[in-house]
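Residue numbering for the sequence shown follows the UniProt record's numbering, beginning at 1 and increasing consecutively. Remarks on the structure that follows.
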Amino acid sequence: MKIKFDYFLKILVPAILLLVPFWGNSQSVEESATRKPKIGLVLSGGGAKGLAHIGVIKVLEEAGIRPDFITGTSMGSIIGALYASGYTVEELTEINKNVDWNNLLTDKEILQKVSMEEKKETQKYIFEIPISDNQIRLPAGMIEGQHLEAYFSELLWPLTSEEDFDELPIPFHCMSVDIISGKVVEHSSGDLVEAIRASMAIPTVFTPVDMDSMLLVDGGVARNFPVQEAIDMGADIIIGVYVGFPEEVTKSELCTMPEILSRSIALSGIVDARQQNEKVDILIVPELYNYGSEDFTNGPVIQQLGEITAREKLDELKALADSLNLQLKPVKRIRQPRRIKVAGIEVEGLEFVGKDYIESKSGIEPGDSVSYNDVREAIEYMHGSPYFDKITFSLKKGPDNNDYILVFHVKENPRVMFKFTPNYDNDMGVGLVTNFTLLNVVMPSSRLLFTAHISENPALRIEMSKLLGRQQKFSNHYFFNLSDYKHPMFIGGNELGNYKYFSLEGGYGIHYSPGLNHILGVNGMFRYNRISPMEDLKTIYDEAGFSRHATKEWGYKFFYRLNTTDDLYFPSKGVRMNLSLSHVLSAKVKRTGELHGEGVDYVLSEHDGLYASVLADYDWYKTTADFLTFGLGLNAGFNTDNPGVGGMFLLGGERFNTRDIYRDMAGFSTAELFTYNFAFAKAELNARIVKGLYLSASVNAGNINDKFGDLVTDFTDKSVADYIWGYNFGVKYNSLIGPMQFLIGDNNLDSKTRFFLSVGFPF
């Protein structure tokens, strides 16, 4: 029996070994036959045209199809990431309808989110050139994406930088290109916000994304239609939506520099898309011939066109769903708690700004429970300072897996910037405003500004501030201002000649900024002011018995400034307020002139005194009916004594900025009125005709007087009709080269028409 059993084993074992592979194969074939084919949705890039993807997804769901995998590039990565994270078609439609692309696709600061010290320097220069290592360093792209990434972070809160994109409700991958190696990069894990930002980083438009050792740009450069990646994820059937550049174009479509540049950047991706198209089972190409990649304002229309094109294949899509017996299940959603617990804070990217600045300014500490809005407000507060070009955040899992590490990613502004902008107005002439800004160069947490107005009416301003303390709400402030302006002298609306007004001021102060929109402080100051006639006015001065009037004074000033408006030059809402109280401890007033025709100036009179001065400005703006902006204001200045030139207020003109002793006044030329005391109320109306273009009208009424008591009497004794009235009307335009305006004005003192024209950002 033993022999027979051994013989049986010799036959059985080889037979089993031979049959095992066939048994395994038959089992695999059976599983393959019973496994339902997987559907991959591929969404190409195409800028604004990618909003058509939403319309296509809507039709897919109507057909009963929700994909098993999604891949996307550029705009396809944005729509794909949101849909893969559980956003419904209805939610995507609302996003498309309500999102402010004009804000997202710029790095323009929101004025209410800019610190008071920086407000006057923002939105002011056409050209801003960074300087590094004594060389001009042009930026790597026009848009950093500060607002864009903040918006993505809100939509995808609180995904961490350690996510596996295959674990999203729908597995998702997106594409970018490493411009160092030239390789296509497939993002399947990590920070989803960073991944889609890299996928849409159009070269020269957006700055590249620095990730590990790579420098990433828009995936459309080489892989605009990631079909193969969907197949590699496990898709058996591919539904592709292509809204990228057309493969064939004519010469007439490549006439401009942007058209040629765009085509050159996308050419490799266009060729690759042709090869990827061959792997698609159902290809949908929305008919968007009349729209370009920049037409974000037409997002709802583009979405509708995507839906219309997809409906042409609705029967085919339904047939696919029926053949696979698909059942559309409720949408899953990533977990999005309103608040999370912060276990720790990290900062990446700091070079010259201390970490304590971030920690103190953010207002967030380990152990805090924070919402997205808390983090956003902290970032906006920090970004409102002059020190940062960009601040974003990411999250990492905390020690106990139920809390998070908050990571701030910062990119500091260049330490040295050269800025300039031309300007013109018919009162002050042609000029060029130039500026050097030095950040953290003189000392840590410091800013030094050199600003000059090169023109026939030159001016110079030098300011340095140094932040103090851990919270850095206090600062030391040093300043020096100089100007030498030529002004015409008017009597009864007639120009008699010109005089020179020379002003020099310097000092030191301590300032306190409790928030972004207000600041208060005290300055110690020295001032020297001088009025002297030019040749065409000397005879009048000779008749007055002097040829020069000068004041040297020193004292201190308390001030408070508030600005909650949304634009420096065309505010639609908010309040501007400026209050100051100056106490001059010594004011030496000197008049000089010729005696007996000797040709030598002598001191004709000189006295030393002290006085106090109050200046108050208040402006309120509100927009109604979406195009009418109303403005109301009060402006007043008072002196306790006759202080000479130093306490004089110069009224008149419309220059988009209120600075020092100059105050705008409708119906009068710049500095046409000069007085020691004044009070005016004003009203203005701006009606928007088209974007940036306004019909404008303003009126002001009040009184001026060299003595405060007489000014009060003017208001009590005069009827309103006898006040000084002035008005302007005309057009204003918010252009790329700065605010423009052409106004016609008049007043009730001389009833003579005045014209005012200005172009460009003011000094």
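Yeah, the Cβ is synthetic: ideal placement off N, Cα and C, and Gly gets one too. Please read all numbers here as calculations on a predicted model, not as lab measurements.
Strand pairing of residue i, partner residues [DSSP]
{"i": "V410", "result": "I391"}
{"i": "C174", "result": "G72 and H187"}
{"i": "M489", "result": "G497"}
{"i": "V301", "result": "Beta-bridge pairing links V301 to no other residue."}
{"i": "P533", "result": "Y499"}
{"i": "P422", "result": "L432"}
{"i": "M665", "result": "G653"}
{"i": "residue 776", "result": "Only positions 1 to 763 of the chain appear in this structure, which leaves residue 776 out of reach."}
{"i": "P739", "result": "N734"}
{"i": "K682", "result": "G633 and N700"}
Proximity of residue i and residue j at Cβ, strictly below 8 Å
{"i": "I334", "j": "S132", "result": "no"}
{"i": "D664", "j": "G653", "result": "yes"}
{"i": "Y662", "j": "L673", "result": "no"}
{"i": "Q146", "j": "K419", "result": "no"}
{"i": "Y611", "j": "T565", "result": "no"}
{"i": "residue 790", "j": "F678", "result": "The requested residue 790 does not occur in the structure, where the chain is confined to residues 1 to 763."}
{"i": "L516", "j": "Q112", "result": "yes"}
{"i": "I54", "j": "I79", "result": "yes"}
{"i": "Q472", "j": "S445", "result": "yes"}
{"i": "L261", "j": "K49", "result": "no"}
{"i": "N705", "j": "T670", "result": "no"}
{"i": "G190", "j": "G45", "result": "no"}
{"i": "L449", "j": "N413", "result": "no"}
{"i": "F152", "j": "I196", "result": "yes"}
{"i": "V280", "j": "F763", "result": "no"}
{"i": "G521", "j": "Y512", "result": "yes"}
{"i": "N747", "j": "G631", "result": "no"}
Distance between beta carbons of residue j and residue i, contact taken as under 8 Å
{"i": "G240", "j": "V42", "result": "4 Å"}
{"i": "K108", "j": "N563", "result": "Not a contact, Cβ separation roughly 17 Å."}
{"i": "E162", "j": "L192", "result": "In fact, because the Cβ distance is near 11 Å, the residues do not count as touching under 8 Å."}
{"i": "I179", "j": "V217", "result": "5 Å"}
{"i": "N523", "j": "K557", "result": "5 Å"}
{"i": "A321", "j": "I65", "result": "5 Å"}
{"i": "residue 765", "j": "S115", "result": "This structure cannot speak to residue 765, because the chain is shown only from 1 to 763."}
{"i": "I510", "j": "N476", "result": "6 Å"}
{"i": "G497", "j": "D536", "result": "4 Å"}
Residue i versus residue j: straight-line alpha-carbon distance, rounded
{"i": "S758", "j": "G738", "result": "10 Å"}
{"i": "P158", "j": "D484", "result": "56 Å"}
{"i": "residue 768", "j": "S369", "result": "Missing from the structure shown is residue 768; the chain here goes from 1 to 763 and no further."}
{"i": "T204", "j": "V575", "result": "38 Å"}
{"i": "L305", "j": "A378", "result": "40 Å"}
{"i": "A198", "j": "I282", "result": "28 Å"}
{"i": "P21", "j": "N298", "result": "Residue placement at P21 is poorly supported in this model, since its pLDDT is 38, which falls under 50; the coordinates still yield a value, given next. Taking the straight line from one Cα to the other gives about 60 Å."}
{"i": "G745", "j": "V699", "result": "9 Å"}
{"i": "G692", "j": "K732", "result": "8 Å"}
{"i": "S751", "j": "V410", "result": "57 Å"}
{"i": "F761", "j": "P422", "result": "7 Å"}
{"i": "K202", "j": "F352", "result": "In the sequence under discussion, the amino acid at residue 202 is Ile, which differs from the Lys named in the question. Approximately 29 Å, taken between the alpha carbons."}
{"i": "G294", "j": "I57", "result": "Reading off the sequence, residue 294 comes out as Glu, not Gly. When rounded, the distance between both Cα atoms is 22 Å."}
{"i": "I126", "j": "S455", "result": "18 Å"}
{"i": "I95", "j": "I405", "result": "29 Å"}
{"i": "S77", "j": "E312", "result": "24 Å"}
{"i": "F756", "j": "N657", "result": "15 Å"}
{"i": "R655", "j": "M257", "result": "36 Å"}
{"i": "V614", "j": "V430", "result": "33 Å"}
{"i": "G629", "j": "S719", "result": "According to the sequence displayed, residue 629 carries Thr and not Gly. Using only the alpha carbons, I get a separation of about 29 Å."}
{"i": "D425", "j": "Q741", "result": "9 Å"}
{"i": "L328", "j": "I284", "result": "21 Å"}
{"i": "I11", "j": "K36", "result": "At I11, the pLDDT of 34 sits below 50, so the modelled position is not reliable; the number obtained from the coordinates is stated separately. The straight-line gap from Cα to Cα measures roughly 40 Å."}
{"i": "F559", "j": "C174", "result": "54 Å"}
{"i": "residue 806", "j": "T623", "result": "Past the boundaries of the shown model lies residue 806; the chain is included only from 1 to 763, so the question cannot be answered."}
{"i": "G506", "j": "W554", "result": "10 Å"}
{"i": "P366", "j": "V375", "result": "13 Å"}
{"i": "residue 774", "j": "K486", "result": "Outside the shown range of the chain, which is 1 to 763, sits residue 774, and nothing can be said about it."}
{"i": "K588", "j": "K500", "result": "20 Å"}
{"i": "V99", "j": "P300", "result": "11 Å"}
{"i": "E359", "j": "S213", "result": "28 Å"}
{"i": "A681", "j": "V331", "result": "59 Å"}
{"i": "N703", "j": "F638", "result": "12 Å"}
Practice item. Note down, one range per segment and in chain order, each beta strand (DSSP E) of at least 3 residues found wholly within the region 261-293. Key: 282-284
Practice item. Please list the segments of the alpha helix (DSSP H) lying wholly inside the region 82-168, counting only runs of 4 or more residues, in order along the chain. Key: 89-98, 101-104, 116-119 and 146-155
**Study point:** 3-residue-minimum beta strand (DSSP E) runs that sit fully inside the region 303-357, ordered along the chain
**Key:** 339-348
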